[in-house]
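Protein chains in written order, with this note's numbering: chain A, 1 to 335; chain B, 1 to 592; chain C, 1 to 328. Only one structure is covered here, and it is reproduced in the block below.
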């Protein structure tokens, strides 16, 4: 078990390096192939009508005129050992992990990302609790009441949930419950430490919309899994042994049906933590997803690199966690 | 990819699944009634000509929301229009724009200086005296050295890249080579030789050319004093030391900053601003539609960007008389237009360019930019807010706003393409108005036989890599390029030099995208700055405007207007003629 | 991709999950006729299938029957409010689905042509993903060893990328004309490439799992015992047994890819204007606030997306149920 984890951790680092290489190539190298000059690139980060000297200075400061592999190496090493940055009269030091300085605001990227993480975390975890509880219980009930109106209705709604894009449901939710009937006015993120009630209240709409999407899925999965396990022989045995129905359902049926769902949940959560871009854009919650969009729109490369690395990190770690869980459960997997 | 293993999922009744659709239809059936409290109406557009809710009441909190963020809160590092307005709350430049309703609001008056600059040596030397006993928020007295240092630090573009470049281009002496105080290794650290400070309250600027408009140049917040020993370079934005009525209480990059009254401030230092509210909160990167809704609901008082409400709010406001009475639709000094590049064939022939001017359907363009309340149809290369503006209509934009295809066809045969030609239209794909207007332009030009292909680029690198790079424009046949512009100051030089002077053409980040290099126009710009009277300068402005339009390097679309909504409880609401939005320096609020 | 659309990705479940369950699922081509009979009896799935076929027909020939989607009708718009005159977005005999706010362009035409692009990109991207995924999955599953490791790790790499970011970045970075293509053709190719190229690991994982389980089955041993070697076994024994899951998951992948394309349009990196696209209409409705002024501009494309996705899902579900011997 130990070697398995160690091997996978090493693979994780390797994966992250590859992700960083590809990101770097896409954002720095491809535009060059398309004919962009470093001078032209630098003009994006200067005010209107800059002098030639101004642009050259910016080019120098942002390191744009260095060879790509040097820029890349500098970027990677900054993550590990930190970076000294010319902030004017002083030289700023950005401690590791240092994801560089924003081209636009000349401020370190990592603290900005860190301040955005709680938003994405709140969104992801809150929604995930909702969809786990909601989805699984509806799935179980549907499986048990298979064929009834309840079953048809809930599976129908579930189908709607997976067929509607989040930016559509989110928009309708906002229009109805935030603008027209101000039940949830002013949807902005309020930190939990500042005001827990407002924090929860403002997140209700995004939670519900996001959870609707996933709950639908999990309900279908649970239902299918339950139907499968409940028809197994060992369930019949358990019933024959005289166990209470509730024990049969929960302890034997549900547990078996849940194992694959839990692994999927781990991965979904990992992906969401990387930034639920569409949800955050729709509700303008300042998490990693919105940070990503703004970084791309501003062509702020250190921010883009930083958030991509962070998102990949979450995804890989979630994958790893799920794989470890599975290896723990199923010894055949540790090949 | 969803289900990974074989599952038995029953599908429910299809019709019951459309919960989202039901909700949406409920939306459609409802009328756009507003549930916001209706404020007492004071008259549509009243704030463009007078001060609405004048009051000296002190106290309360003014909340600003912004759909993006200032380029920097450091007054020496900013260029955004709304920020030039807003920074006066904590940074006092040598001169500023007058806080007065109507046209006088576009005039410069002294702020930190005791009077407007004294010009000698044929407008090449400018002397300013600063008010004595002006203090920073920490109690230290402002000296002329602080003003000189403030300008000097803006020369280090590696640290402060955003501000205007006028000082770098106009100052004499070592300005061309000066690397800024952080990197200055010269003997005795003399700094900029072109700025001298004979005593603690006098600053003298030595220019390398006559420049009559220099009072406008020092109105930029780059001249707001900065104490050298407290300057933290790129981090100064976190807490710039205030010389204005407010100072920074907190700052979270890209999220929010809060200002509180500066106890050191004395109203005599800058009579154009007031210290009324007891707290000013600025929220950044808020969703634009959210801003409008919050504004109308009274949750916030001002949209900091000041460029007007979105379509949804516009419809609500204009269809509700009491909401409309609480709004203003000023001409905000900006213009939206299309550059017509004069080097890309066949537009290198002026008649082909004129054909484009005649053929464009101005009404459709106006609709794309927001309809009559988003702008009025433009026919000149300068907006009406520029000194010396005179209306004329060379290409029937006003007389035939639907486009004059007959005249266009006439021009086409004159330029040798009687059946039209093909070219490309460049625009910024993340600016919805430009996406709409470029499609409108494409549709109207095709009626004259001019076939165009749309090429969208991201706004961030539009000027740096594509439209603003003449080589790229030539090699990719970008004949028509969307653009917008606001004036650096309200006369023809401050508006048009970067757009129309041949010397302004640069290899990247170019704003003279029409690539006009008309020697007469270039000469006129120079003469403007050497002219001694405003009347002379106005006359030259008219000539420049007329010539640029004759050269047809600009297809004007609209003189931009912005539908602004007066926040609940705001006092002293007045649209300043230069900033084109509410004067942020004088606002107060009717709260405790 | 399901991932960036905040839709679950249990398809990326660890191989062991898929191995265990997949092995029970598909029996082979002999089931085909049985499956078809069962599918036919499933009314809801058939309804989905019919809608899919209708959509395809509309997408192919519809554009020839609708008006020009790029003609402006300024007289049908109230430019002050930027909305169509008349209720429900200006529905009339001439414009059965109303007109667009701001431009007055016919909505029906734009929806139909948008259908063409959405379906085209959805199908092509899925095809790409299927081809790459099946190839990778079968090779990895059958040969095992280091081949398997390499392919499995490269799938991991692809799954590690935040796809939406890359899609946005890539589209923004590729110039207007490259590789001999330009304009919308290039853009379509680019979208197909991005969506398909990032979707193949999902298919790959499933097929790999299926192959792993099939590989140890008796019929493979039998084939080997009569002298069959790698390629023979791959193509004549394994692949036919994989047709079932390939078909099912391809059908379920299409709606995901259509959604992905709509999301890219929504974020501004989809097709080039004035080409109509559902996602772009939704995006305009949102970003410019038209949804409050002219809700139909949001509802109609939203419904179009919804119906398309739903139909594919229903049909795909039905297909899977029909192929699964354990259902009912």
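Ideal Cβ positions, reconstructed from N, Cα and C, are used throughout, including at glycine.
Rounded to the nearest angstrom, the Cβ distance from residue 478/B to residue 424/B is 5 Å, consistent with a contact under 8 Å.
Within the model, the alpha-carbon separation for residue 38/A versus residue 80/C is close to 44 Å. For residue 351/B, the uninterrupted alpha helix (DSSP H) run begins and ends at 350-359, by DSSP. Between residue 93/B and residue 224/B, the C-beta gap is smaller than 7 Å, which places the two residues in contact.
In this structure, residue 456/B lies away from residue 437/B, with their beta-carbon atoms at least 7 Å apart. Note that the C-beta distance between residue 273/A and residue 8/A is not below 7 Å. Residue range 331-340 is occupied by the beta strand (DSSP E) that includes residue 332/B, with no alpha helix (DSSP H) assigned at that position. Residue range 278-287 is occupied by the alpha helix (DSSP H) that includes residue 278/C. Where residue 256/B is concerned, the enclosing beta strand (DSSP E) starts and stops at 256-261. Assignment of residue 129/B by DSSP, reduced to helix, strand and coil, places it in the strand class.
Assigned with DSSP and collapsed to three states, residue 474/B falls in helix. For residue 99/C against residue 311/B, the beta-carbon gap comes to about 15 Å, at or over 8 Å, which does not count as contact. Closest in alpha carbon position to residue 140/B, among 493/B, 243/B, 111/B and 129/B, is 243/B. Taking 7 Å as the cut-off, the Cβ atoms of residue 78/C and residue 274/C do not count as close. With at least 16 other beta carbons inside 10 angstroms of its own, residue 482/B counts as buried. In the DSSP annotation of this structure, the continuous segment of the alpha helix (DSSP H) that includes residue 213/C starts and ends at 183-215.
Within the region 312-325 of chain B, those residues whose Cβ lies closer than 9 Å to any Cβ of chain C are, in chain order, 312, 313, 314, 315, 316, 318 and 319. If you compare the alpha carbons of 109/B, 91/B and 99/B with that of residue 150/B, the shortest gap goes to 91/B. As DSSP reads the structure, residue 265/A sits in no beta bridge. Distances from the CA of residue 278/A to each of 182/A, 48/A and 120/A were compared; the closest alpha carbon is that of 120/A.
Put simply, the CB of residue 225/C is far from chain B, with every gap to its CB atoms at 7 Å or more. Secondary-structure assignment with DSSP links residue 62/B through a beta bridge to 280/B. DSSP links residue 376/B through a beta bridge to 559/B. Bounds of the beta strand (DSSP E) holding residue 202/B are 202-206. Membership of residue 183/B in any alpha helix (DSSP H) is not indicated, and neither H nor E is assigned to it by DSSP.
By the neighbour-count criterion, in which 16 or more other beta carbons inside 10 Å mark a residue as buried, residue 229/C falls on the exposed side. Residues are counted here when their Cβ sits less than 9 Å from a Cβ of chain C; for the region 337-367 of chain B these are 361, 363, 364, 366 and 367, given in chain order. For the 7 Å CB-CB criterion, residue 219/A and residue 126/A do not form a contact. At a cut-off of 7 Å between beta-carbon atoms, residue 308/A makes contact with chain C. Proximity of residue 293/B to chain A, defined by a Cβ-Cβ separation below 7 Å, is satisfied.
Residue range 288-298 is occupied by the alpha helix (DSSP H) that includes residue 298/A, with no beta strand (DSSP E) assigned at that position.
Distance from the CA atom of residue 109/A to the CA atom of residue 358/B, rounded to whole angstroms, is 50 Å.
Per DSSP, the unbroken alpha helix (DSSP H) holding residue 58/C starts and ends at 43-61. Going by C-alpha positions, residue 563/B is about 6 Å away from residue 309/B. Excluding its 5 nearest sequence neighbours in each direction, residue 182/B has C-beta neighbours in its own chain below 6 Å: 156, listed in chain order. Contact between the region 194-208 of chain B and the region 123-140 of chain B is present: 3 or more CB-CB pairs across the two stretches fall below 8 Å.
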